[in-house]
Amino acid sequence: MGKTRGMGAGRKLKTHRRRQRWADKAYKKSHLGNEWKKPFAGSSHAKGIVLEKIGIEAKQPNSAIRKCARVQLIKNGKKIAAFVPNDGCLNFIEENHSTRPPVVSGATCKITVLASSIAEACHRAALLLQDEVLIAGFGRKGHAVGDIPGVRFKVVKVSGVSLLALFKEKKEKPRS
Numbered sequence: 198m199g200k201t202r203g204m205g206a207g208r209k210l211k212t213h214r215r216r217q218r219w220a221d222k223a224y225k226k227s228h229l230g231n232e233w234k235k236p237f238a239g240s241s242h243a244k245g246i247v248l249e250k251i252g253i254e255a256k257q258p259n260s261a262i263r264k265c266a267r268v269q270l271i272k273n274g275k276k277i278a279a280f281v282p283n284d285g286c287l288n289f290i291e292e293n294h295s296t297r298p299p300v301v302s303g304a305t306c307k308i309t310v311l312a313s314s315i316a317e318a319c320h321r322a323a324l325l326l327q328d329e330v331l332i333a334g335f336g337r338k339g340h341a342v343g344d345i346p347g348v349r350f351k352v353v354k355v356s357g358v359s360l361l362a363l364f365k366e367k368k369e370k371p372r373s
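Residue numbers (the numbering used here): 198 to 373.
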């Protein structure tokens, strides 16, 4: 059967089209709102604090330990694993050595506004002393790359300096 026709068929055509659009993969991806649930929440890059350095074993048939970092994003507090590219670049990253990992998701205090703003200022100062890294996607639109399982992001900058510039010794990491 074809489309409904005639002068009174407008509403039927409109509602049918509205329902059928959800079968389109591209339309569904852009309108479901899942982009905001992902770690980057719609953006291309995000800053984070390095919690620890980790080694992830490569998938078969390769045999290696890929150097990665566990990072907590500043914007929403989500923890992700990010690949550290290039030989020896893991040495440019210092992990957070505080007693507790920084909790960046909006903590609410019931004391006073002044006390909470002081606590927030102290927390931000503590974050500045740690290595802040800029994270980007790994290149496969949210999928893992190559033989590194479960890692969908890579480190681009460390303390505001490009990791590639540090690797090529064009720049030095700033002293904190």
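Quick reminder that beta carbons are idealized off the backbone N, C-alpha and C, glycines included.
Just so you know, these numbers come straight off a predicted model, no measurement behind them.
The C-alpha of Lys234 is placed about 13 angstroms away from the C-alpha of Ser227. CA-to-CA, the gap between Pro371 and Ser356 works out to about 7 angstroms. In terms of CA proximity to Glu292, Gln269 leads the group Gly274, Gln269 and Arg216. In this structure, the CA atom of Ile253 is about 57 angstroms from the CA atom of Gly207. The shortest C-alpha to C-alpha distance from Pro236 to any of Lys272, Gly199 and Lys211 is the one to Lys272. Within the same chain, Ile253, Arg263, Cys265, Ala278, Ala279, Phe280, Phe335, Ala341 and Val342 come within 8 angstroms of Val348 by CB-CB distance, once the 5 residues on both sides are set aside. With a minimum length of 3 residues, the unbroken runs of beta strand (DSSP E) contained wholly in the region 230-292 fall at 242-254, 262-270 and 276-280. Beyond the five residues adjoining it in sequence on each side, Asn288 comes within less than 7 angstroms, by CB distance, of no other residue in the same chain. In the displayed model, Gly339 falls within coil according to three-state DSSP, outside both helix and strand.
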